[in-house]
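Top to bottom, those sequences are chains A and B. Quick note: the first sequence, position 218, residue 247 per the numbering used here, numbers continuous. Quick note: the second sequence, position 237, residue 238 per the numbering used here, numbers continuous. One structure is given here, and the rest of the page talks about it.
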Amino acid sequence: MDKAFIQRRRRDLIVAACLALLATQVPRYVTDVYIQNMMIMTLMYAALSQSWNILSGYCGQISLGHALYFGLGAYVTAILYTKFGMLPWFGMCAGGLLSAVIAMALGYPCFRLGGHYFVIATIVIAEIALVLFQNWEWAGAALGITIPLSKQDSWLTLQFAKDKLPYFYFALALACVAWFVTWWLEDSKWGYWWRAVKDNPVAAESLGVVVFNSKMGAAAVSAFLVAVGGGFYAMYVTYIDPESVMGFQFSLLMALPAVLGGIGTLWGPMLGAVILIPLTELTRSYIGGSGRGVDLIVYGGLIIAISLARPQGLVSLFSRKRKPAAQPVREAVAS
Amino acid sequence: MTALLETRNITQRFSGLTANSDVSISVGRGEIVGLIGPNGAGKSTLFNLIAGAFKPTEGTILFDGEDVTALPAAERCQRGIGRTFQVVKSFESMTVIENVIVGALVRTTNMRDARRKAHEVLAFCGLDARADVLASDLVPSEKRRLEVARALATEPKLLLLDEVLTGLTPVESQKGVELVRRVRDTGITVLMVEHVMEIVMPLVDRAIVLDLGKVLIEGSPKDVVRDPKVISAYLGDRHAVGA
């Protein structure tokens, strides 16, 4: 029954496993620290974008405020580590759970809003949070939090002063987890419910889909994963302030790879991040000196080009043509 | 045995406009009931009230002996009310089989079971050959079938069909009629809205005629079509005098 479908699912899994294995070998050949940093950022954004894609791509609730969850993850991890001496592993989970709860608390009023109003609400809420953190003395206010370097490199504290490679593996694992969660959810009740909600909420409701709960579920999973990414980022850069973890650009940088690669697709965010993030870093370092924002202009243009020429995203170039749909089956004509 | 569906004194007002007023109907188990009436008679409103798209201003709706008036649409689907939409609402970015799986997931969370059920239903509706086609690529009559298939996948006790036979060619609508009969033969009760009398009358066991938001008459199709009140509602008083 449905061999083609099962084969496609299995093929996705195998391809992902092969790519992940290949990725683990890359640092052997790439020793340049600058490039390594770029790869770490690429993998992190791939993970973030993949997580964003769950709420905004699959469930169709476009959020441009996910910087909030990224920042929360970073802050919870940093605060628990510096003020309470708790391991970042714990901090990331705590930040993830807190973000999931907050995503649902915010979703409760916001998911009643339709279309553009929802998008605007997400932007506004993230900006409010940014201002709150900028003025919250206990959390470092605008000065932020510096994570003190420990003398010893350790996986427990995620501190690696000499060598950035462990961060690479962590970011890779994060991307794999986000991808796998998406893969797993795609063929589950939730995955189908989300896509139904995106396509037509009224019809979905008539088929027993509880639209509101679907959105809440998607928001929680999405926020959790993004916050874990935020926690990782805090430990990686060892210094955070509100603007550097909760700024609007993070919301954009999560959304754009998915849009470029293919929104609501399994591979879109990965492909998008692999193209977009190195491009950002390179334009920033080569032409960014002449003024901030040139990098943003470059891929702003790229996004416009994509949305005009290939609105389904780049992955649609790879997907094999579906079975020719030209011949409607005569038997199936009535009713 | 109690009726499967019963509406008691349903009144629905939309800011000044009364779409349904004091409508009390009942649908027995295993029946095919036609809900007919001229345009603007309040058929679709009553339909949406039964399916739970919105709550009535007044009155109660009983399904399977229980008061479902306050339940949201999703909950009613779980209780066994399936529906189609007059203007088809396919999940356009999903394939045909995926559309139907959404419906099947009301009864199971096991994906294999849901998929198997979806295939069964598609075969029943004659759409299995189109399972892997995007819903947006279907021709209009196939989309109608998909609406029915999706609703059937939720394993309803009562299936509400909203003008599924309207606007089809004679051959297509004949196939539609056969499909509705086969649905009933599986034990599902059918309540269908149509305004094309010639198609509905031979199919239904009983017809309920709505006019201006009220129940005009109900009875066997034969009696209903001969009733002067019905003829007058459809064609105007002049024709009723001749009848």
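Idealized CB from N, CA, C, for every residue including glycine.
Proximal chain A residues relative to residue i, where beta-carbon distance stays under 8 Å
{"i": "Arg124/B", "result": "A quick correction: the sequence has Ala, not Arg, at residue 124/B. Chain A residues near Ala124/B: none, gap ~11 Å exceeds 8 Å."}
{"i": "Thr155/B", "result": "Leu236, Gly237"}
{"i": "Glu99/B", "result": "Tyr221, Arg224"}
Residue environment, residue i, which counts as buried when at least 16 other CB atoms sit within 10 Å
{"i": "Cys78/B", "result": "buried"}
{"i": "Gly237/A", "result": "buried"}
{"i": "Pro271/A", "result": "buried"}
{"i": "Leu51/A", "result": "exposed"}
{"i": "Asn21/B", "result": "buried"}
{"i": "Gln188/A", "result": "buried"}
{"i": "Leu178/A", "result": "exposed"}
{"i": "Gly60/B", "result": "buried"}
{"i": "Leu147/B", "result": "buried"}
Length of the line joining the Cα atoms of residue i and residue j
{"i": "Ala45/A", "j": "Glu215/A", "result": "15 Å"}
{"i": "Gly203/B", "j": "Arg227/B", "result": "With the sequence shown as reference, residue 203/B is identified as Pro, and Gly is not the correct amino acid for it. Cα-Cα distance, rounded: 14 Å."}
{"i": "Val358/A", "j": "Val194/B", "result": "Low per-residue confidence applies at Val358/A: pLDDT is 43, beneath 50, and the placement is therefore not dependable enough to give any value."}
{"i": "Glu360/A", "j": "Arg84/B", "result": "Residue confidence for Glu360/A is low, a pLDDT of 42 falling below 50, so the modelled location carries little weight; the figure read from the coordinates is stated next. Those two C-alpha atoms are separated by around 23 Å."}
{"i": "Leu159/A", "j": "Gly127/B", "result": "56 Å"}
{"i": "Arg117/B", "j": "Arg131/B", "result": "15 Å"}
{"i": "Ala355/A", "j": "Leu139/B", "result": "Because the pLDDT of Ala355/A is 44, which lies under 50, any placement of that residue in the model is unreliable, and the question is left without a value."}
{"i": "Ala4/B", "j": "Gly66/B", "result": "8 Å"}
{"i": "Arg207/B", "j": "Val34/B", "result": "5 Å"}
{"i": "Val105/A", "j": "Gly124/A", "result": "5 Å"}
{"i": "Arg80/B", "j": "Ala54/B", "result": "15 Å"}
{"i": "Val28/B", "j": "Lys44/B", "result": "15 Å"}
{"i": "Thr70/B", "j": "Ile98/B", "result": "32 Å"}
{"i": "Met245/A", "j": "Ile232/B", "result": "52 Å"}
{"i": "Gly144/A", "j": "Val205/B", "result": "42 Å"}
{"i": "Leu203/A", "j": "Ile108/A", "result": "21 Å"}
{"i": "Val149/B", "j": "Arg185/B", "result": "13 Å"}
{"i": "Ile200/B", "j": "Glu173/B", "result": "11 Å"}
{"i": "Thr211/A", "j": "Leu254/A", "result": "11 Å"}
{"i": "Thr167/B", "j": "Gly177/B", "result": "10 Å"}
{"i": "Pro141/B", "j": "Arg182/B", "result": "21 Å"}
{"i": "Gln54/A", "j": "Pro157/B", "result": "54 Å"}
{"i": "Cys447/A", "j": "Thr294/A", "result": "Nothing can be reported for residue 447/A: it is not among the residues displayed for chain A, which extend from 30 to 364."}
{"i": "Val231/A", "j": "Glu310/A", "result": "43 Å"}
{"i": "Met327/A", "j": "Phe99/A", "result": "The question names Met, but residue 327/A in the sequence shown is Val. About 24 Å."}
{"i": "Gly86/A", "j": "Lys180/A", "result": "43 Å"}
{"i": "Ile26/B", "j": "Ile91/A", "result": "43 Å"}
{"i": "Val59/A", "j": "Tyr74/A", "result": "20 Å"}
{"i": "Ala115/B", "j": "Arg145/B", "result": "21 Å"}
{"i": "Lys227/A", "j": "Gln163/A", "result": "35 Å"}
{"i": "Val103/B", "j": "Phe125/B", "result": "17 Å"}
{"i": "Lys112/A", "j": "Ser314/A", "result": "35 Å"}
Short Cβ contact (8 Å threshold) for residue i with residue j
{"i": "Met112/B", "j": "Ser217/A", "result": "yes"}
{"i": "Pro117/A", "j": "Met275/A", "result": "no"}
{"i": "Ile83/A", "j": "Val303/A", "result": "no"}
{"i": "Ala150/A", "j": "Leu142/A", "result": "yes"}
{"i": "Ile152/A", "j": "Gly220/A", "result": "no"}
{"i": "Ala119/B", "j": "Ala154/B", "result": "yes"}
{"i": "Ile176/A", "j": "Thr267/A", "result": "yes"}
{"i": "Ala256/A", "j": "Gly102/A", "result": "yes"}
{"i": "Ser128/A", "j": "Ala252/A", "result": "yes"}
{"i": "Leu36/B", "j": "Ile189/B", "result": "no"}
{"i": "Leu160/B", "j": "Val191/B", "result": "yes"}
Within chain B, the residues that residue i reaches when beta carbons sit closer than 7 Å
{"i": "Asp228/A", "result": "Phe92, Glu93, Ser94, Met95"}
{"i": "Ala225/A", "result": "Phe92, Val103"}
{"i": "Asp31/A", "result": "Arg116"}
{"i": "Val231/A", "result": "Lys90"}
Beta-carbon neighbours of residue i, restricted to chain A and to distances below 7 Å
{"i": "Gly104/B", "result": "Leu236"}
{"i": "Met112/B", "result": "Asp216, Ser217"}
{"i": "Arg151/B", "result": "Leu236"}
{"i": "Phe86/B", "result": "Ala232"}
{"i": "Gln79/B", "result": "Gly237"}
{"i": "Ala71/B", "result": "The contacting residues do not exist; Ala71/B stays about 15 Å from chain A at best."}
{"i": "Ala74/B", "result": "Glu234, Ser235"}
Interface residues of chain B facing residue i [CB-CB closer than 8 Å]
{"i": "Ala247/A", "result": "Near Ala247/A there are no residues of chain B at all, since even the closest Cβ is about 15 Å away, more than 8 Å."}
Listed by chain order, chain E residues near residue i by CB distance under 9 Å
{"i": "Val210/A", "result": "No chain E is part of this structure, whose protein chains are labelled A and B."}
Proximal chain A residues relative to residue i, where beta-carbon distance stays under 9 Å
{"i": "Val107/B", "result": "Leu236, Gly237, Val238"}
Heavy atom of the ligand GTP within 7 Å of residue i beta-carbon
{"i": "Ile306/A", "result": "Judged by which ligands are present, the structure shown has none, so any question about the ligand GTP falls away."}
According to a CB-to-CB cut-off of less than 9 Å, which residues of the segment 34-46 of chain A neighbour chain B?
Phe34
Report the residues of the segment 275-289 of chain A with a CB closer than 7 Å to any CB of chain B, ordered along the chain.
none
Proximal residues, the segment 40-52 of chain B versus chain A, C-beta separation under 8 Å
Ala52
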